[in-house]
Each structure stands twice: as structure tokens, then as C-alpha cells.
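All the letters of the sequence shown, read from the start, carry residue numbers 1 to 135 under the numbering used here. The C-beta atom is built at its ideal place from N, Cα and C for all residues, glycine as well. Model, not experiment: these values are computed from the prediction. Encoded as C-alpha cells, the structure appears first; notes follow it.
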Amino acid sequence: MTDSKRLTPEEFLKVVPGVFEEANKSKKSVNLSVKRLVERDLIEGNDEFNATELPRFDVSQKAQFTKIPSEANSKQYGVLVRIKKGDGESLIKHSTVVKAEHIDKFWKDYSSAIKSGMVGLIKKKKKKAKKSLRK
């Protein structure tokens, strides 16, 4: 199993095409995940996870149609991006954290890397509808 530490965004973008290339050759699936990164504080706890007492703490600052309450959080979070191929002994996992101010450039490069790697996709064959015997 290859379990690498978090890569820099630039290193991660260099690794993505290789993972897709290996997956296409071996006909394996690739799992992609993207989520907001919140570092857990196990001793003091995080306000982000306290939805009972602070239900409006974690509202996006870029929400267009939502009035942002004064007690909302103004902190910007990084984005955790992961890619995984295979399972068991042949497992390959890579991840990176992208800062909020660099997300647009990263997303543009990441989406082009993913699109170029998905050449092995096969279009599903649709069943032909039976012709009606009625006239």
C-alpha cells in the first residue's frame, strides 16, 4: 500500500495524470473527493462542530441570498483534495490542501488534469426501444 503524506498543490497536480493512466491500464476505478478542511481541536473543541449552541456560526461568507448573522464565522478554510486508486496491496492515495485564495487557479488546473485522464471511459449502451405492434 502506498500511503503518501500531503503533497503541495503543484506536486499533487503532477501526480493526478499518472494515477489516471495506471487506472486506465489496469481497468481500476479512481475515487476523487473534495471537502473543506477543519483542523479538530480535541481538547477545547471547535465551534464549527457545535451546531446545537452555535447553529449559525458556520455560514458561508459568500452566500448570495442569505443574510449573514453577526455571530457567523469569518474564518477562511483550506480545501482538502484527495485521489485514491485500487485497494489492498495496490492502494495508491494522495492528498493536498489548497488555501482559499489559491482555489480558483488550482481548480482550473485540477479539472483539466482530470478531464485529460478520463479517456478510458466507456459510453453506456442504451437499449433500443421495442417497436409497438399496434398501428
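Strand pairing of residue i, partner residues [DSSP]
{"i": "His102", "result": "The partner list for His102 (beta bridge, DSSP) is empty, contrary to what the question assumes."}
{"i": "Thr96", "result": "Leu7, Val81"}
Spatial neighbours of residue i in its chain, beta-carbon cut-off 7 Å, leaving aside the 5 residues before and after
{"i": "Ala100", "result": "Gln76, Tyr77, Gly78"}
{"i": "Ala113", "result": "Leu13, Val16, Pro17"}
Residues of its chain near residue i, where Cβ-Cβ distance is below 6 Å and the 5 sequence neighbours each way are ignored
{"i": "Ser95", "result": "Arg6, Arg82"}
{"i": "Lys28", "result": "Lys85, Gly86"}
{"i": "Ala23", "result": "Val30, Lys85"}
{"i": "Val15", "result": "His94"}
Between the CA atoms of residue j and residue i - distance to the nearest angstrom
{"i": "Lys105", "j": "Glu44", "result": "35 Å"}
{"i": "Glu21", "j": "His102", "result": "26 Å"}
{"i": "Arg36", "j": "Leu80", "result": "6 Å"}
{"i": "Lys108", "j": "Glu39", "result": "26 Å"}
{"i": "Glu11", "j": "Ser116", "result": "17 Å"}
Cutoff 8 Å; reference residue i; Cβ partners in own chain excluding five residues on either side
{"i": "Thr8", "result": "Thr96"}
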